Amino acid sequence: MELIRVKNYQELSKKAAAIITAHITLKPNCVLGLATGSSPLGAYEELAAMCAKGELDFSQVTTVNLDEYVGLDGSSQQSYRSFMNKNLFNKINISMDRTFIPDGKNEDCEEACREYEAILERVGPADLQLLGIGVNGHIGFNEPADYFPLKTHCVRLAHETIQANKRFFQKEEEVPKMACSMGIGNIMSARMILLLASGRGKAQAVAQMLSGPVTPRMPASILQFHPRAVVIADEDALSLL
Ligand code: GLP
């Protein structure tokens with residue numbers, strides 16, 4: 001794994017946007033695996049600004065998102081579909097029919113996951129998969145477990161994840177308990193992985209991911225086995241290394 005050390009979130013966002021931009025420039029019809037959460041937000045702002053200036057063209061890009069809550073309609077503000085539309089897709093010249101996210105409004109999670117897996121097989125592995133990291137080391141919504149799930153699957157969210165994500169909801173009870181997430185196999189099939197970590201809250205997970213044993217108890221540790229995984233982390237996120 002390659003580590004890019006940066007001072008702060010702003011620098012992290014600029015570097016991440018530069019790497020994503022390079023991918024689109026080299027391969028205008030690339031497949032980008034995207035993530036939600038606060039970690040990629042700054043990079044999305046940078047990309048939107050470049051696109052607005054006409055310096056970046058998303059017209060041929062396809063995107064596949066990591067995950068979605070189960071039971072939230074795409075129009076619900078807290079859904080990851082709304083997050084992506086608001087923070088990136090509505091600000092760039094992407095064709096919406098090439099932006100894929102699991103169908104959160106399908107209450108039948110198994111079916112939503114099967115359908116999403118078929119989409120991933122059709123569009124092919126991501127050229128670049130962007131990731132954040134959960135405080136417990138989750139990637140996508142692959143929570144600590146006894147094994148690494150390979151394909152898109154239903155997940156019961158861990159207590160720490162519900163606690164961490166309740167900030168996006170009015171009340172903790174509103175946070176969905178289930179999600180549909182790409183599996184570790186899907187994530188590992190990307191040609192390149194770019195994980196962003198910022199803040200002290202991530203320090204323990206980052207230290208274990210980079211230098212601990214590879215175990216499904218720390219899902220992000222699997223990235224040690226990826227041939228092209230790059231981590232951009234700021235000083236706070238690296239404070240326990
Ligand atoms: C969520 C998402 C992850 C994300 C993680 C970290 O649970 N499912 O894809 O990486 O939280 O979020 P943040 O970047 O807000 O810390």
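When we follow my numbering, the leftmost residue of the sequence shown carries the number 1, and every step to the right adds one.
Glycine residues also receive a C-beta, built at the ideal position from the N, C-alpha and C atoms.
Since the structure is predicted, the reported quantities are computational estimates derived from the model, not experimental observations.
Buried or exposed (CB count within 10 angstroms, at least 16 for buried), residue i
i      : result
Asn26  : Note on identity: in this sequence residue 26 is Leu, with Asn being the wrong assignment. Exposed is the call here.
Gly201 : exposed
Gln243 : Any question about residue 243 goes unanswered here, given that the chain covers just 1 to 241.
Asn65  : buried
His23  : buried
Phe89  : buried
Val230 : buried
Close beta carbons around residue i, own chain, < 7 Å, minus the five adjacent residues each side
i      : result
Ala190 : Gly33, Pro125, Ala126, Leu128, Gln129
Ile92  : Leu47, Ala48, Cys51, Phe58
Glu110 : Cys154
Rounded separation between residue i and residue j - CA only
i      : j      : result
Glu46  : Ile19  : 12 Å
Glu248 : Asn87  : Residue 248 is absent from the model: the chain starts at 1 and stops at 241.
Ser239 : Ser198 : 11 Å
Asn165 : Val31  : 27 Å
Leu72  : His138 : 21 Å
Met1   : Phe141 : 21 Å
Gly37  : Met218 : 19 Å
Ile101 : Leu131 : 15 Å
Phe6   : Phe225 : As written in the sequence, residue 6 is Val, which differs from the Phe given in the question. Going from the Cα of Val6 to the Cα of Phe225 covers about 23 Å.
Beta-carbon proximity list for residue i, same chain, < 6 Å, skipping 5 on both sides
i     : result
Gln60 : Pro28, Asn29
Reference residue i, options the options, closest by Cα
i      : options                        : result
Pro176 : Gly137, Tyr9, Ala112, Glu68    : Glu68
His147 : Phe168, Asn93, Glu160, Ser221  : This sequence places Tyr at residue 147; His is not what is there. Taking only the C-alpha atoms, the option nearest Tyr147 is Ser221.
Lys105 : Arg81, Arg98, Lys7, Lys91      : Arg81
Leu157 : Met178, Val230, Pro213, Leu223 : Met178
Thr99  : Glu160, Met182, Met84          : Met84
Run of the alpha helix (DSSP H) containing residue i, from where it starts to where it stops
i     : result
Leu32 : Counting along the chain, Leu32 falls outside any alpha helix (DSSP H), though it belongs to the beta strand (DSSP E) covering 31 to 34.
Asn65 : Careful: Asn65 lies outside any alpha helix (DSSP H), inside the beta strand (DSSP E) at 62 to 65.
Unbroken beta strand (DSSP E) run spanning residue i, endpoints
i      : result
Gln129 : 128 to 131
His153 : 153 to 156
8 Å CB neighbourhood of residue i in its chain, flanking five on each side removed
i      : result
Ser211 : Leu241
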